[in-house]
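Scroll down for the structure; my scribbles are underneath it.
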Amino acid sequence: MKKVIFLAVFFSTCFYVQVHAQELKSEFLFDLEISLSPPQIIGPVLTGTRLIFPFKDGFVKSDKINGKILDCSGEWGLIVDSTTFKMDVRATIKTDDGALIYITYSGYNYASAQKSALIRVGKGNELSPSEYYFRSIPVFETSSPKYAWLNHTVAIGVGRFPAPGKIIYRIYAIK
């Protein structure tokens, strides 16, 4: 009987520790603001409707990272259905101190069919961010020693549409 009680206490302690080890915390990394060029409409493909949005310009801003988005960047998005847009972004950040950081992210913009239609015609700024789901999962690559910590940082971006042709993300590191 003592062995059973010991095992029960042992396993409950292990479970208790694992529950607390899974707690997530976040820390603000930077704001990412992007100006979009008009989309190149590829049209219907096997998985939805493909749109390519070249980036006109953009910048990142925070107390950790400041810089601009280079013009080789863009979004290869997919309208999955009347409510869902799937992101596929590749961009290069050139920091104010000259480092290059490659950022890729996927994610989703989801809203009711009516609100998604507004977003698609460039009127997302007429909606409150609480009226749509707009999340991304950025991944970073850099050879800069100063920013090497980004190479192993899990991040989440929370997006919004501040004006026609503009997107702003708040990017958070998950701790």
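Sequential numbering of the sequence shown, starting at 526, is according to our numbering. Backbone N, C-alpha and C fix where the C-beta goes; we use that ideal spot for every residue, glycine too.
Cα-Cα separation between residue i and residue j, rounded to whole angstroms
i	j	result
Asn-591	Arg-575	31 Å
Ile-566	Arg-660	23 Å
Ser-641	Leu-603	13 Å
Lys-581	Leu-561	5 Å
Val-584	Ile-559	Note on residue identity: the sequence assigns Phe, not Val, to residue 584. Distance between the alpha carbons of Phe-584 and Ile-559: 7 Å.
Gly-690	Val-646	10 Å
Backbone secondary structure at residue i - three-state DSSP
i	result
Ser-653	coil
Leu-625	strand
Asn-634	strand
Ala-673	helix
Thr-667	coil
Gly-690	coil
Lys-700	coil
Boundaries of the alpha helix (DSSP H) in which residue i is found, first to last residue
i	result
Leu-643	638-645
Range of the contiguous beta strand (DSSP E) that encloses residue i
i	result
Ser-560	551-561
Val-683	680-685
Close Cβ partners of residue i (< 6 Å) along its chain, the five nearest in sequence each way excluded
i	result
Asp-621	Asn-591, Gly-592
Cutoff 7 Å; reference residue i; Cβ partners in own chain excluding five residues on either side
i	result
Lys-619	Gly-592, Lys-593, Leu-595, Leu-625
8 Å Cβ shell around residue i - same chain, five flanking residues per side excluded
i	result
Tyr-658	Tyr-633, Asn-634, Tyr-635, Ala-636
Review point. Which runs of the beta strand (DSSP E) fall wholly inside the region 555-613 and span at least 3 residues, in chain order?
Key: As for any beta strand (DSSP E) of minimum length 3 sitting wholly inside the region 555-613, the runs are 565-570, 573-586, 592-594, 599-604, ordered along the chain.
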